[in-house]
Every structure is written in structure tokens, then in C-alpha cells.
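Down below is the structure, laid out as C-alpha cells.
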Amino acid sequence: RLSVRELRRLNNLRRRGSRINVHQSIKVPFRRITPEEFEQKRQEYHKAIQEDFFSNYQVDKVVTRKMKRGETLWEICNNIYFIPFWLLSNYNPDMDIHSLKIGESIVIPILTDSQS
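For the sequence shown, counting from 1, position 89 maps to 449 in my numbering; every step adds exactly one.
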């Protein structure tokens, strides 16, 4: 296990209010596992999440939506369409999903239950 204190120390995040930003690189020590093993386990973990998701839901259709002023992807995923961020990202592979502009179009998968 890696403590928060150690992670902060390794990355010079000394102040209590210091935050890690999206796309910020951080140092993570590998003591019990190699970076390659870590990456393999990380990929397996995310694959299992996706397989579990698709055993419960399926993409029924896709819609295109333009980004509006003040709108965030968090709101789009969690409050409007109720889809995981990774799925939205997968449906927009050629876009820098983290820096969309007002008026930019994104593809949104619309879900239904797999059992229906």
C-alpha cells in the first residue's frame, strides 16, 4: 500500500490544499510489482469494469450534441445522459475530451438495459 503522505512527499505536494490535476504526471513507486505488471493489472481492471457494464447495458443509439457555455462533461455524463466518462471518451476518440470548446460537437451513446 502507498500512503497519501508518501505520495504527497514523492510529488512535492507539501501543502494540504495541493491537488493533482487532470493529465498531471506524478511519481508512483513500484516496490512489490514492476511497472509492466502494474500496467497489465490496470488494463485488466478497466476491462473487467467495461465487461460488467456491458453485461447490464447496451448502446441503443448515438446522438450528437454541441457543448454549451458553462456545461461540463461531468454534468453531461452524470446528470443528463447517465453514462460513464470512459464510454463518452471511447465514442469520441479523435477529440481531446478534456478541453472541449463551446459549440464543439460530441457523440453521446444512449443506453438501454441489456435485459430489456
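Glycine residues also receive a C-beta, built at the ideal position from the N, C-alpha and C atoms.
The structure presented is a predicted model; accordingly, all values stated were derived computationally and were not measured.
message: Residues in the same chain with beta-carbon distance under 6 Å from Ile468, minus the five sequence neighbours each way, listed in chain order, please.
response: Val423, Arg425 and Tyr441
### Task
Report yes or no: do the region 448–461 and the region 391–403 share at least 3 C-beta pairs separated by less than 8 Å?
no
Checklist entry - Is Leu471 buried or exposed, if buried means 16 or more other CB atoms sit within 10 Å of its CB? => result buried
* Asked: Who does Pro469 pair with in a DSSP beta bridge?
  -> Val422
Note down the Cα distance separating Arg361 from Gln418, rounded to an integer number of angstroms.
36 Å
**Asked** According to the neighbour-count rule (16 or more other Cβ atoms, all chains shown, within 10 Å of its Cβ), is Ile443 buried or exposed?
**Response** buried
query: With Ile466 and Met455 assumed to form a contact (beta carbons below 8 Å), what rounded beta-carbon distance in angstroms separates them?
result: 7 Å
**Prompt:** With a Cβ-Cβ cutoff of 8 Å, do Ile386 and Asn372 count as a contact?
**Reply:** no
request  = For Tyr417, name the three-state secondary structure that DSSP assigns.
outcome  = strand
Give the straight-line distance between the Cα atoms of Arg379 and Glu411, rounded to the nearest whole angstrom.
31 Å
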